[in-house]
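Residue numbering for the sequence shown follows UniProt numbering, beginning at 1 and increasing consecutively.
Beta carbons are placed, not taken as given, at the ideal position from N, Cα and C, and that holds for glycine.
Just below is one structure, and these are the notes that go with it.
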Amino acid sequence: MKLYVCWGTFNIPARRHPCRDALDALKAAGHDPEVVKAYGFGGFPNALNATSGRREVKQLTGQSWVPVLVTDEGEAIHDSDKIIAWAAAHPAADSGRVGAADGH
Numbered sequence: 001m002k003l004y005v006c007w008g009t010f011n012i013p014a015r016r017h018p019c020r021d022a023l024d025a026l027k028a029a030g031h032d033p034e035v036v037k038a039y040g041f042g043g044f045p046n047a048l049n050a051t052s053g054r055r056e057v058k059q060l061t062g063q064s065w066v067p068v069l070v071t072d073e074g075e076a077i078h079d080s081d082k083i084i085a086w087a088a089a090h091p092a093a094d095s096g097r098v099g100a101a102d103g104h
């Protein structure tokens, strides 16, 4: 599973950051996605979004905005609200189980 984000998953004072919200929701559901930084800005023309992360996002979704989640099944989900909803509906198989990591 991959989560494409902008510069990072930091907190912004006085408002929420969509990339951070998506990552927090995935982690709360027991997922540990590979975080891919897609530098640039979704509103820039394609020539200014020439980073590999933005090119991958464009290829996956037809647009350049992040966050974008690519599930283990290859489904691309764009928009933090949709990613948050997906995480709530798809908790990790072993999340919440006591001893899942050590086989107990």
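Only buried fits G40, as 16 or more other CB atoms lie within 10 angstroms of its CB. In the three-state scheme derived from DSSP, where H, G and I count as helix and E and B as strand, A76 is classed as strand. In this structure V36 touches K2 by the C-beta definition: roughly 5 Å separates them, less than 8 Å. By alpha-carbon distance to A38, the top candidate from G30, C19, W7 is W7.
Following the DSSP letters along the chain, one finds V57 inside the alpha helix (DSSP H) bounded by residues 52 to 61. Our two residues, A25 and I84, have alpha carbons roughly 5 Å apart in a direct line. C19 has its alpha-carbon roughly 19 Å from the corresponding atom of A92.
Among the bridge pairs identified by DSSP, Y4 is matched with V36, V68. Within the same chain, A38, Y39, G40 come within 8 Å of T51 by CB-CB distance, once the 5 residues on both sides are set aside.
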